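A.B. asks: As you go down the protein sequences, you meet chains A and B in turn.
According to our numbering, the first sequence holds residues 28 to 427 in order.
According to our numbering, the second sequence holds residues 5 to 603 in order.
Even for Gly, the Cβ is constructed at its ideal location relative to N, Cα and C.
Since the model is a prediction, treat every value here as computed from it, not as a measurement.
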Amino acid sequence: MKSHSVYLHIPFCRHLCSYCDFNTYAGLEEHIPAYIQALCTEIEFVAEYCEQQIPVHTIFIGGGTPSILPVREFGKIFQTISRVFDIQEHVEITIEANPGRLSYGYLKSLRDLGINRLSLGMQSAIPEELRLLDRQHDNYRTEKAVNDARRAGFGNINLDLIFGIPDQTPLSWQMTMDLALSLNPDHFSLYSLSIEPGTPLNDWLGEGLISEPDSDIAAEMYELAEARLHEHGYQQYEISNWARKGDGLGLMSCQHNLQYWRNLPYLGFGAGAHGYAGENRTVNVSRPDRYIEKLLSSEVDSSQNDISYPSTPATTRVTVISQAEEIKETMMMGLRLTGEGISRREFHSRFGTSLEEVYGGEIEELLGLGLLEWDQVTSERLRLTPKGRLLGNQVFQRFI
Amino acid sequence: MTDRIRNFCIVAHIDHGKSTLADRLLQLTDTIADRDMMEQVLDSMDLEREKGVTIKASAVRMMYTARDGLNYELNLIDTPGHVDFGYEVSRALEACEGAILVVDASQGVEAQTLANLYLALEADLEIIPVINKIDLTSARPDEVAEEIESLLGVAAEEIIQISAKEGLNVEEILEAVIEKVPPPLINNEAPLRALIFDSHYDAYKGVVAYIRLVEGKISPEDQMHLMASGAVFKPVEVGVFMPHLQPVDQLEAGEVGYVATGLKTVRECRVGDTLTSAIEPAAKALPGYLKAKPMVFAGIYPVEGEDYGNLKDALEKLQLNDASLVYQLETSQALNFGYRCGFLGMFHMEIIQERLEREYDLDIIVTTPSVEYEVVLNDGGVKRIDSPAELPSEGDILEIREPWMRIEIFTPTEFYGTVMELVKKRRGIFVEQDYPTPNRVQLIFELPLAELIIDFFDQLKSRTRGYASLDYHFIEYRSDDLVKLEILVNNESVDALAMIIHRDNAYRKGQALISKLKDLIPRQLFAVPIQAYASGRVISRANVKALRKDVLAKCYGGDVSRKRKLLEKQKKGKKRMKMVGNVEIPQEAFFAVLRLEGD
Ligand SMILES: Nc1nc2c(ncn2[C@@H]2O[C@H](COP(=O)(O)OP(=O)(O)OP(=O)(O)O)[C@@H](O)[C@H]2O)c(=O)[nH]1
Ligand code: SF4
Ligand SMILES: [Mg+2]
Numbered sequence: 028m029k030s031h032s033v034y035l036h037i038p039f040c041r042h043l044c045s046y047c048d049f050n051t052y053a054g055l056e057e058h059i060p061a062y063i064q065a066l067c068t069e070i071e072f073v074a075e076y077c078e079q080q081i082p083v084h085t086i087f088i089g090g091g092t093p094s095i096l097p098v099r100e101f102g103k104i105f106q107t108i109s110r111v112f113d114i115q116e117h118v119e120i121t122i123e124a125n126p127g128r129l130s131y132g133y134l135k136s137l138r139d140l141g142i143n144r145l146s147l148g149m150q151s152a153i154p155e156e157l158r159l160l161d162r163q164h165d166n167y168r169t170e171k172a173v174n175d176a177r178r179a180g181f182g183n184i185n186l187d188l189i190f191g192i193p194d195q196t197p198l199s200w201q202m203t204m205d206l207a208l209s210l211n212p213d214h215f216s217l218y219s220l221s222i223e224p225g226t227p228l229n230d231w232l233g234e235g236l237i238s239e240p241d242s243d244i245a246a247e248m249y250e251l252a253e254a255r256l257h258e259h260g261y262q263q264y265e266i267s268n269w270a271r272k273g274d275g276l277g278l279m280s281c282q283h284n285l286q287y288w289r290n291l292p293y294l295g296f297g298a299g300a301h302g303y304a305g306e307n308r309t310v311n312v313s314r315p316d317r318y319i320e321k322l323l324s325s326e327v328d329s330s331q332n333d334i335s336y337p338s339t340p341a342t343t344r345v346t347v348i349s350q351a352e353e354i355k356e357t358m359m360m361g362l363r364l365t366g367e368g369i370s371r372r373e374f375h376s377r378f379g380t381s382l383e384e385v386y387g388g389e390i391e392e393l394l395g396l397g398l399l400e401w402d403q404v405t406s407e408r409l410r411l412t413p414k415g416r417l418l419g420n421q422v423f424q425r426f427i
Numbered sequence: 005m006t007d008r009i010r011n012f013c014i015v016a017h018i019d020h021g022k023s024t025l026a027d028r029l030l031q032l033t034d035t036i037a038d039r040d041m042m043e044q045v046l047d048s049m050d051l052e053r054e055k056g057v058t059i060k061a062s063a064v065r066m067m068y069t070a071r072d073g074l075n076y077e078l079n080l081i082d083t084p085g086h087v088d089f090g091y092e093v094s095r096a097l098e099a100c101e102g103a104i105l106v107v108d109a110s111q112g113v114e115a116q117t118l119a120n121l122y123l124a125l126e127a128d129l130e131i132i133p134v135i136n137k138i139d140l141t142s143a144r145p146d147e148v149a150e151e152i153e154s155l156l157g158v159a160a161e162e163i164i165q166i167s168a169k170e171g172l173n174v175e176e177i178l179e180a181v182i183e184k185v186p187p188p189l190i191n192n193e194a195p196l197r198a199l200i201f202d203s204h205y206d207a208y209k210g211v212v213a214y215i216r217l218v219e220g221k222i223s224p225e226d227q228m229h230l231m232a233s234g235a236v237f238k239p240v241e242v243g244v245f246m247p248h249l250q251p252v253d254q255l256e257a258g259e260v261g262y263v264a265t266g267l268k269t270v271r272e273c274r275v276g277d278t279l280t281s282a283i284e285p286a287a288k289a290l291p292g293y294l295k296a297k298p299m300v301f302a303g304i305y306p307v308e309g310e311d312y313g314n315l316k317d318a319l320e321k322l323q324l325n326d327a328s329l330v331y332q333l334e335t336s337q338a339l340n341f342g343y344r345c346g347f348l349g350m351f352h353m354e355i356i357q358e359r360l361e362r363e364y365d366l367d368i369i370v371t372t373p374s375v376e377y378e379v380v381l382n383d384g385g386v387k388r389i390d391s392p393a394e395l396p397s398e399g400d401i402l403e404i405r406e407p408w409m410r411i412e413i414f415t416p417t418e419f420y421g422t423v424m425e426l427v428k429k430r431r432g433i434f435v436e437q438d439y440p441t442p443n444r445v446q447l448i449f450e451l452p453l454a455e456l457i458i459d460f461f462d463q464l465k466s467r468t469r470g471y472a473s474l475d476y477h478f479i480e481y482r483s484d485d486l487v488k489l490e491i492l493v494n495n496e497s498v499d500a501l502a503m504i505i506h507r508d509n510a511y512r513k514g515q516a517l518i519s520k521l522k523d524l525i526p527r528q529l530f531a532v533p534i535q536a537y538a539s540g541r542v543i544s545r546a547n548v549k550a551l552r553k554d555v556l557a558k559c560y561g562g563d564v565s566r567k568r569k570l571l572e573k574q575k576k577g578k579k580r581m582k583m584v585g586n587v588e589i590p591q592e593a594f595f596a597v598l599r600l601e602g603d
């Protein structure tokens, strides 16, 4: 069986950031124990579909703010996971955390449980920007979190940064980059802020309290970051992601996210989690209370046979992905990988037809527009040009 | 029996409550059961319901037992009130002997009240004036009654005052119709002659012709003949409007109904043609209708070239249901093959555009609208053009003449100044004024049609807080100092964006248009220069900057579907734009000239 990735969603935050449209809730912390119990139930449910244990090579605990959980709750999760899945030897286990309330002790316990990658939501180094984003930390906290994590034994640390914030300037962005670089993380994720409906930021925009971020300036910031990161020895491997070389000289890219981009199977557990396995894409019910109810209410019967792998009692939607759809999604996701892109050979062996046969015209056009290129050495891999990285949608659109 | 038939229509200014009155009449006569009732039930087209406006006249047959104890067959036609649909009204009038003239009790007599009244008088109809909406607190029925009295010579006290919304006094109208509207003058024995006043296309029944029987009878067994097209057919079905199509065994002279012809080619059955029997044909066709005279012209092009055939087919079918639409083949350097279409006004154009998109599922582009010009050449020849692209080069032109209109504006006196100012800005000339009531003024102007079609009505409405109404008629062609304003996109002249304007306005309009286009043309993968150009020089230029960043961020928690949906949506938006050279131009750019604010 192909190795899988596992995503665990923790939909709780102490406080909601002004730009956040993730599936997360503040003030529901009292539900955490029941939620974790439901989460473990859901994991077991999926494991029971399969005769043999599903091999798992990455686990990603995202949110929300997973670092809101007491250590013992992680204990329960890992007990379940290691019992029902076949955990691979070099498994990557990531946790997302906010720098605000981390302590050395807490980090040490997580590390001891086997979590080996830490993704910190630093977002910005500029106090005004952090305030606008309504984040609950400052630079001191970020620095301390990184140092504590190193001490606790985390050898793989990511920093999340946001650019294109209203009133952010290329200069302030540079300062954020500099401070982040001085912390020497192993990985960077840089996200361009998009103001989503239903967020406070969007309301403020509507009320004229803030100005719409200028996309040309955001483009400039992106290019600035590309140059900076390159100078410091980070290598870009995805539109928004950079990693440095590890000790074994391999790139310390996020194996979990690579699974998405390569359009390979993953199981999603938790409220609002998405899964993709066995030709099905699944989505779980968003609200934690409904999630708990669906999994823990007594009428749940694991022998229900009207639902298909990998759905669970918490699943609200299953979409069957035909091969034609799978091809589209493989292109759309794979072309985000700026290094490996889409391999001609892999495409052929996966779909039994050649890349040119399906997309000859589109590729020709995009090569002509200077948005795509074949890798120079073997002409085996199709990928975005530097210009194409900022215009990804113009490329992906043509493949769907 | 035929003295128990009454054919009448409801006419009024827009929104004065014609369709609502029709609702009440349909309920009163039990034509539509209460549970099937909805507001303005005769406005059955999606577009009509959405916009709350009647676009098509609709006929319906009602049976009514009057106070005299007798049963009557009432054929009612509800008509549109918008100025662009006067042609629709005039055809409906031909099928009637009487007209109910509805006047809103708070607004009083408005421009189309007069216009439609005159149409009805020309058609020799018995007019029954009615004052509607007396339930409104702003209603002033007695004043309005006096207005009507001075207009029609009907004693103010005799005018029926109703609330169509609340069903008040509505029955009085039916009694008045029976009493005052004469039954049709008919001759059942003469050979069949029926006038086609409207039609639509049905995939199963072919062309369905709406007819008014003038003489003779029809039964579904009869072999029939259309006198103008020469088509001969045996009908699929003969029936009446209930308001759904209800088959019947026979229609008699004086009645209104339909014949499903089974004809598949639209050309064979036209509005205005006379239907007769193939066995015993009438000697002479009915007079039919004058052709509608289009005022506004624009090109309609498929976004995707391969849809050209579908567009042609759609226009043909649509014309069947909208006799005022005219079109002919056109080629544009920028947009390739399409159709030059003539419309009765801007609202009509908008409706056609939307109907093509919805009813025929087409992605189309409508080019910058234009009026029809007369160009006098140096060699003495005269050329008529309805597209700026056809304008000969400046050196060959002696003069350009444009259509002028006489316009009538009704407005509360407080807006006098602002209306005058608007007309002046648009090259209008004041003719005269009249005060039908102390606080309302009727202003008469002359104005170039080209100025009228560009946002004039909207401006008038916004300057008068919606209170002004407008009617217009063509008077004559007049020459003026007109020039062609060309628009260059990516250094190529886009003929579909060109327009003809007054030389004095060329600079200002060119500038305004370029700055508008700069916002409307989406950023492309390369910078796109745009320029306005007139009489050999560039008036204004700007650059649509190259698109730099267009990429979705985080795929969060593996939510691939959401990402894909966003991309699909973006791709769809793109499909609605026309590739001109290698630049994508959206529909709004072609209408930019209509939205130059502060005009
Ligand atoms: N208060 C009040 N409103 C009315 C009355 N009759 C109609 N209306 C309202 O006036 C508006 C226009 O009514 P319609 O019946 O659509 O008017 P119309 O004359 O058919 O309009 P067009 O066909 O577009 O010219 C609607 O909002 C009606 O509800 C009435 O007697 N009283
Ligand atoms: S911490 Fe993350 S998940 Fe929580 S509100 Fe802020 S952005 Fe959203
Ligand atoms: Mg109506």
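At a Cβ threshold of 8 Å, is Ser-94 (chain B) touching chain A?
C.D. replies: For the purposes of this step, residue 94 (chain B) is taken as the residue at position 90 of the second sequence. No, Ser-94 (chain B) does not count as interfacial toward chain A.
A.B. asks: Please list the segments of the beta strand (DSSP E) lying wholly inside the region 203-240 of chain B, counting only runs of 3 or more residues, in order along the chain.
C.D. replies: Along the length of the region 203-240 of chain B, whole beta strand (DSSP E) runs at least 3 residues long occupy 210-219 and 228-230, reported in chain order.
A.B. asks: Assuming Leu-74 (chain B) contacts Arg-144 (chain B) under a Cβ cut-off of 8 Å, what Cβ separation, rounded to an integer in Å, is found between them?
C.D. replies: Residue mapping note: residue 74 (chain B) aligns to position 70 of the second sequence, counting from 1. Residue mapping note: residue 144 (chain B) aligns to position 140 of the second sequence, counting from 1. Not quite, the Cβ-Cβ distance comes to about 37 Å (not below 8 Å), so this is no contact.
A.B. asks: Compute the minimum distance between the beta carbon of Cys-40 (chain A) and the heavy atoms of ligand 2, and state whether it is under 7 Å.
C.D. replies: Position 13 of the first sequence, counted from the first residue, corresponds to residue 40 (chain A). The answer is yes for Cys-40 (chain A).
A.B. asks: Determine, for Ser-151 (chain A), whether the minimum Cβ-Cβ distance to residues of chain B falls below 8 Å.
C.D. replies: Along the first sequence, read from residue 1 onward, the residue named residue 151 (chain A) stands at position 124. By this cut-off, Ser-151 (chain A) is not an interface position.
A.B. asks: Kindly provide the ranges of any beta strand (DSSP E) runs that are 3 or more residues long and lie completely inside the region 256-333 of chain B, ordered along the chain.
C.D. replies: 260-264, 278-281 and 300-306
A.B. asks: Suppose contacts are defined by Cβ-Cβ distances below 8 Å. Is Ala-264 (chain B) in contact with Phe-201 (chain B) by that definition?
C.D. replies: Position 260 of the second sequence, counted from the start, is the residue given in the question as residue 264 (chain B). Position 197 of the second sequence, counted from the start, is the residue given in the question as residue 201 (chain B). Not a contact, by the Cβ cut-off of 8 Å.
A.B. asks: Could you pull the DSSP bridge partners for Gln-262 (chain A) from this structure?
C.D. replies: Here residue 262 (chain A) refers to the residue found at position 235 of the first sequence. Answer is A:Ala-270.
A.B. asks: Is Thr-58 (chain B) a contact residue of ligand 3, with contact defined as CB to any heavy atom under 7 Å?
C.D. replies: Locating residue 58 (chain B) in the second sequence gives position 54, where the first residue counts as 1. Look at Thr-58 (chain B): its beta carbon is less than 7 Å from one of the heavy atoms in ligand 3.
A.B. asks: Between Leu-339 (chain B) and Gly-303 (chain B), how many whole angstroms is the CB-CB distance? I'm expecting something under 8 Å.
C.D. replies: Stepping through the second sequence from its first residue, residue 339 (chain B) is reached at position 335. Stepping through the second sequence from its first residue, residue 303 (chain B) is reached at position 299. Right, the Cβ-Cβ distance comes to about 7 Å (below 8 Å), so this counts as a contact.
A.B. asks: Please state if the CB of Asp-27 (chain B) and the CB of Met-41 (chain B) are separated by a distance shorter than 8 Å.
C.D. replies: Here residue 41 (chain B) is taken as the residue at index 37 of the second sequence, counted from 1. Here residue 27 (chain B) is taken as the residue at index 23 of the second sequence, counted from 1. Yes, these two residues count as a Cβ contact at 8 Å.
A.B. asks: Helix, strand or coil for Cys-77 (chain A) per DSSP?
C.D. replies: Residue 77 (chain A) sits at position 50 when you count from the first residue of the first sequence. In the structure shown, Cys-77 (chain A) sits in coil (DSSP, three-state: anything other than H, G, I, E or B).
A.B. asks: Anything in chain A within Cβ reach of Leu-551 (chain B), meaning under 7 Å, just list it in chain order.
C.D. replies: Locating residue 551 (chain B) in the second sequence gives position 547, where the first residue counts as 1. What Leu-551 (chain B) touches in chain A: Leu-418.
A.B. asks: Just the Cα atoms here: how many angstroms apart are Asp-603 (chain B) and Arg-430 (chain B)?
C.D. replies: Numbered from 1 along the second sequence, position 599 holds the residue referred to as residue 603 (chain B). Numbered from 1 along the second sequence, position 426 holds the residue referred to as residue 430 (chain B). Because Asp-603 (chain B) sits at a pLDDT of 48, beneath the cut-off of 50, its placement in the model cannot be relied upon, and the following sentence gives the value as read from the coordinates. If you draw a straight line from the Cα of Asp-603 (chain B) to the Cα of Arg-430 (chain B), it comes to about 8 Å.
A.B. asks: Determine whether the Cβ of Arg-308 (chain A) lies closer than 8 Å to any Cβ atom of chain B.
C.D. replies: Against the first sequence, residue 308 (chain A) aligns to sequence position 281. Judged by the 8 Å Cβ criterion, Arg-308 (chain A) is in contact with chain B.
A.B. asks: What are the partner residues of Ala-304 (chain A), as DSSP defines its beta bridges?
C.D. replies: Position 277 of the first sequence, counted from the start, is the residue given in the question as residue 304 (chain A). Note: Ala-304 (chain A) sits in a beta bridge opposite A:Asn-307.
A.B. asks: Would you kindly work out how many angstroms separate the C-alpha atoms of Val-380 (chain B) and Ala-124 (chain B), rounded to a whole number?
C.D. replies: Start at 1 with the first residue of the second sequence, and residue 380 (chain B) comes out as number 376. Start at 1 with the first residue of the second sequence, and residue 124 (chain B) comes out as number 120. Going from the Cα of Val-380 (chain B) to the Cα of Ala-124 (chain B) covers about 38 Å.
A.B. asks: Tell me whether Asn-125 (chain A), by its Cβ, gets closer than 7 Å to a heavy atom of ligand 2.
C.D. replies: Mapped onto the first sequence, residue 125 (chain A) falls at position 98. Yes, the beta carbon of Asn-125 (chain A) sits closer than 7 Å to at least one heavy atom of ligand 2.
A.B. asks: Any contact of the region 39-47 of chain A with the region 265-277 of chain A, i.e. 3+ C-beta pairs under 8 Å?
C.D. replies: no
A.B. asks: Comparing the CB of Cys-44 (chain A) with every heavy atom of ligand 2, is any distance shorter than 7 Å?
C.D. replies: Translated into positions along the first sequence, residue 44 (chain A) becomes position 17. Yes, Cβ of Cys-44 (chain A) sits closer than 7 Å to a heavy atom of ligand 2.
A.B. asks: Indicate the three-state DSSP secondary structure (helix, strand or coil) for Gly-361 (chain A) in the structure shown.
C.D. replies: Counting from one through the first sequence, the residue named residue 361 (chain A) turns up at place 334. It is helical.
A.B. asks: Who does Asn-75 (chain B) pair with in a DSSP beta bridge?
C.D. replies: Here residue 75 (chain B) refers to the residue found at position 71 when the second sequence is read from its first residue. B:Thr-69.
A.B. asks: Which full runs of the alpha helix (DSSP H) of 4+ residues lie inside the region 168-216 of chain A, going along the chain?
C.D. replies: 197-209
A.B. asks: How about Leu-556 (chain B): is its C-beta nearer than 8 Å to some C-beta of chain A?
C.D. replies: What you label residue 556 (chain B) is simply residue 552 of the second sequence in a count that begins at 1. Cβ-Cβ to chain A under 8 Å: yes for Leu-556 (chain B).
A.B. asks: Am I right that Ser-199 (chain A) and Glu-156 (chain A) are in contact with their C-beta atoms under 8 Å? What's the rounded C-beta distance?
C.D. replies: What you label residue 199 (chain A) is simply residue 172 of the first sequence in a count that begins at 1. What you label residue 156 (chain A) is simply residue 129 of the first sequence in a count that begins at 1. That pair is a contact at about 7 Å.
A.B. asks: Consider the Cβ of Val-181 (chain B): report whether some Cβ of chain A lies at a distance smaller than 8 Å.
C.D. replies: What you label residue 181 (chain B) is simply residue 177 of the second sequence in a count that begins at 1. So, not an interface residue.
A.B. asks: Below 6 Å CB to CB, which residues in the same chain sit around Leu-600 (chain B) once its five sequence neighbours on both sides are set aside?
C.D. replies: Numbered from its first residue, the second sequence carries residue 600 (chain B) at position 596. If we look at Leu-600 (chain B) and ignore the five residues flanking it on each side, its Cβ neighbours are Ala-516.
A.B. asks: Is Thr-24 (chain B) near ligand 1 - that is, is its Cβ less than 7 Å away from at least one heavy atom of it?
C.D. replies: Numbered from 1 along the second sequence, position 20 holds the residue referred to as residue 24 (chain B). The answer is yes for Thr-24 (chain B).
A.B. asks: What is the rounded straight-line gap between the Cα of Leu-409 (chain A) and the Cα of Ser-32 (chain A)?
C.D. replies: Here residue 409 (chain A) is taken as the residue at index 382 of the first sequence, counted from 1. Here residue 32 (chain A) is taken as the residue at index 5 of the first sequence, counted from 1. Cα to Cα, the separation comes out at about 25 Å.
A.B. asks: Give a yes or no on whether the minimum CB-CB distance between Glu-356 (chain A) and chain B is below 8 Å.
C.D. replies: Here residue 356 (chain A) is taken as the residue at index 329 of the first sequence, counted from 1. Judged by the 8 Å Cβ criterion, Glu-356 (chain A) is in contact with chain B.
A.B. asks: Which two residues bound the contiguous alpha helix (DSSP H) that contains Ser-94 (chain B)?
C.D. replies: Taking the second sequence and counting its residues from 1, one reaches residue 94 (chain B) at position 90. First-last of the alpha helix (DSSP H) with Ser-94 (chain B): 90-97.
A.B. asks: Looking at Ile-182 (chain B): is its Cβ nearer than 8 Å to the Cβ of Gln-165 (chain B)?
C.D. replies: As a working mapping, residue 182 (chain B) is identified with position 178 in the second sequence. As a working mapping, residue 165 (chain B) is identified with position 161 in the second sequence. No, they are not a contact pair.
A.B. asks: Put Asn-166 (chain A) into one of helix, strand or coil per three-state DSSP.
C.D. replies: The count along the first sequence starts at 1 and reaches residue 166 (chain A) at position 139. Here Asn-166 (chain A) sits in helix by DSSP.
A.B. asks: Starting from Glu-588 (chain B) and walking both ways along the beta strand (DSSP E), at which residues does that stretch end?
C.D. replies: Start at 1 with the first residue of the second sequence, and residue 588 (chain B) comes out as number 584. 587-589 is the extent of the beta strand (DSSP E) around Glu-588 (chain B).
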